[in-house]
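Sequential numbering from 2 applies to the sequence shown in this note's numbering.
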Amino acid sequence: MYWDASIETIKPADLQVLQLRRLKETISRAALSPFYGQRLAQAGVSAAQINRLDDIRRIPFTTKDDLRARGREMLTVPLTEIVRLHASSGTTGQATVIYYTRGDIKAWADLVARSMYMTGVRPGDVFQNMMGYGLFTGGLGFHYGGERLGALTIPAGAGNSTRQLQLLQQFGSTVVHIIPSFALYLLNTFAKHGLDPRDLPLRIAFIGAEPHSEEMRRRIEAAYGLKAYNSYGLSEMNGPGVAFECPEQNGLHVWEDSFLLEVVQPQTLEPVGPGEVGELVFTNLTRQGMPLLRYRTRDLASFDDRPCACGRSFRRLSRIQGRSDDMLIVKGVNIFPLQIDQVLMAMPEVGSHYLVEVSREDFSDLMHVKVEVQANFFQEDLKYLTRLQKRITEALKNELLVTPRVELVEPNILPRSEGKTQRVVDKRPK
Ligand code: ADP
Ligand code: ZN
């Protein structure tokens, strides 16, 4: 049931001892790098002054801008010991680069294997990895994890729906890793070939990399006849395998033996309590080549420290609500794209894709939501569509407190990308 029971069910007191030891080691190691050597000296902190986990608050935060400007100066080893690099997909600006030693790759593969094992994947499973194999960590990260676990791992790569379908059929894949928006999109390909994905031996999907709602997960589970588990990670902390759902599907366990988690109020940077949404801040506890201290992810979520029925000791994160830089302020109201996802995905008439455009007209914000309608509903008469459009507008207004202009469009006409889908475009002048 556990990949590594002694770690996964570690007693809270023992976990703290382990974390403190690793934190001190990591700080000493980071201090070898030009960047942290300077930062820590300026702040007047060294590992010697860290006597409790709370003392981490004496260390300055590391930001995405630090990584962009001075990432190479964060290496603690000569380049001869670096065997790989990855870069973030650059969703929010210039990409950041992370360097891995051989040991870092091994530790990362182990965490991904632990995550997959937790959901029930075993040797003998056929694992089709439908993620981009490249600088993006979702491809190779899960690939190494699948092999480490002993699953037959198919490097399918992203996109190419017809080919994905062929591979699923030919090899009888039982487990997939797939971007949630692509999982919905792929359903069209099944329909086109007159096939039902529930007839396949698929039983587990890992969905992550982009924010998605509970409604979207349920949709994917129902359409494919499988269990879908939320997977969270970011390249700055290796990639996938930072936090992952267990069979309870009730929050994502953070692998706290490897990452020290803080959740802070994004403005004051003070810690928040359980259940309160804040920005996730991570410190590597085991990374060798490029350990990051107090990295501000900009991802917003809350944590739950109550025991989990699965028996694992690690705290659980809520679904990621979005990035602090994703939050839209429309007519003075704060809106997270996830709220829109929730409303739309709960309506059976809504297809697999939608696009939100925010613009400014006559000094007033305008939110325009283009919604794809499922093929079987789109053929209905105009009166029906007008009613549907009203219903969607009402539902969005109730959730967002802003009235959007809703436009219904045919299935599969909105632009799609192979990787993370961009669903929000803010066209307002900055
Ligand atoms: P980029 O920052 O360019 O998107 P990454 O590939 O490193 O590059 O992506 C990591 C980010 O993806 C996370 O910081 C988070 O915003 C998002 N993400 C990853 N997994 C999830 C998930 N399960 N739910 C919501 N967002 C996620
Ligand atoms: Zn659990």
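By construction, the Cβ of each residue, glycine as well, lies at the ideal position given by its N, Cα and C atoms.
Less than 7 Å separating the Cβ of residue i from some heavy atom of the ligand ZN?
i, result
"Arg307", "no"
"Glu249", "yes"
"Arg316", "no"
"Arg313", "yes"
"Asp354", "Contrary to the premise, residue 354 reads as His rather than Asp in this sequence. Checking the Cβ of His354 against the ligand ZN gives no."
"His254", "yes"
Tell me residue i's beta-bridge partners as DSSP assigns them.
i, result
"Val403", "Note: Val403 sits in no beta bridge, so no partner."
"Asp427", "Val359"
"Gly142", "Paired residues: none, contrary to the question."
"Asp432", "Summary: the structure shown does not reach residue 432, with the chain confined to residues 2 through 431, and so no result is reported for it."
"Ile336", "Leu329"
"Val127", "Leu153"
"Val410", "Glu373"
"Gly323", "Leu301"
"Leu318", "Leu253, Phe304"
I'd like to confirm something about residue i: is its beta-carbon nearer than 7 Å to some heavy atom of the ligand ADP, or not?
i, result
"Ile180", "no"
"Glu215", "no"
"Leu235", "yes"
"Glu211", "yes"
"Asn130", "no"
"Lys421", "yes"
"Ile321", "yes"
"Ser34", "no"
"Asn377", "no"
"Ser89", "yes"
"Asp67", "no"
"Ser303", "no"
"Ser162", "no"
"Asp56", "no"
"Ser232", "yes"
"Phe137", "yes"
"Asp300", "yes"
"Arg324", "yes"
Any chance the CB of residue i is under 7 Å from a heavy atom of the ligand NAD?
i, result
"His194", "With respect to the ligand NAD, the structure shown offers nothing to examine, as its ligands consist of the ligand ADP and the ligand ZN."
Any Cβ of chain C within less than 8 Å of the Cβ of residue i?
i, result
"Phe36", "Here there is only one protein chain, and chain C is not present."
What residue ranges within the stretch 348-384 form continuous alpha helix (DSSP H) runs of no fewer than 4 residues, ordered along the chain?
-> 376-379
Pair every Cβ in the stretch 134-153 with every Cβ in the stretch 235-252, then say whether three or more of these pairs are closer than 8 Å.
-> yes
Complete beta strand (DSSP E) runs within the stretch 35-110 (minimum length 3 residues, chain order) = 83-88, 98-102
Whole beta strand (DSSP E) elements within the stretch 253-302, 3-residue minimum = 253-255, 260-265, 279-285, 296-302
Could you say if the stretch 127-134 and the stretch 314-328 meet the contact criterion of at least three C-beta pairs nearer than 8 Å?
-> no
What alpha helix (DSSP H) runs, 4 residues minimum, are completely inside the stretch 177-252?
-> 181-193, 215-225
Quick check: the stretch 413-430 against the stretch 354-370, are there 3 or more CB pairs under 8 Å?
-> yes
Are there three or more Cβ pairs, one per stretch, closer than 8 Å when the stretch 180-194 is compared with the stretch 99-109?
-> no
Is the stretch 280-289 touching the stretch 246-265 in the sense that three or more CB pairs, one from each, lie closer than 8 Å?
-> yes
Hey, is the stretch 209-219 in contact with the stretch 368-380, meaning 3+ C-beta pairs nearer than 8 Å?
-> no
The stretch 70-77 touching the stretch 289-297, judged by at least three CB pairs closer than 8 Å = yes
Would you check if there are 3 or more beta carbon pairs closer than 8 Å linking the stretch 299-319 to the stretch 246-254?
-> yes
Counting pairs of Cβ atoms below 8 Å between the stretch 109-119 and the stretch 56-70, do you hit three or more?
-> no
Is the number of C-beta pairs between the stretch 8-28 and the stretch 39-49 that are closer than 8 Å three or more?
-> yes
Contact between the stretch 404-420 and the stretch 365-374 (3+ Cβ pairs under 8 Å) | yes
Can you find at least 3 beta carbon pairs, one from the stretch 112-124 and one from the stretch 163-174, that sit closer than 8 Å?
-> no
Hey, is the stretch 326-333 in contact with the stretch 302-310, meaning 3+ C-beta pairs nearer than 8 Å?
-> no
Please confirm if the stretch 393-404 is in contact with the stretch 338-345, defined as three or more CB-CB distances below 8 Å between the two stretches.
-> yes
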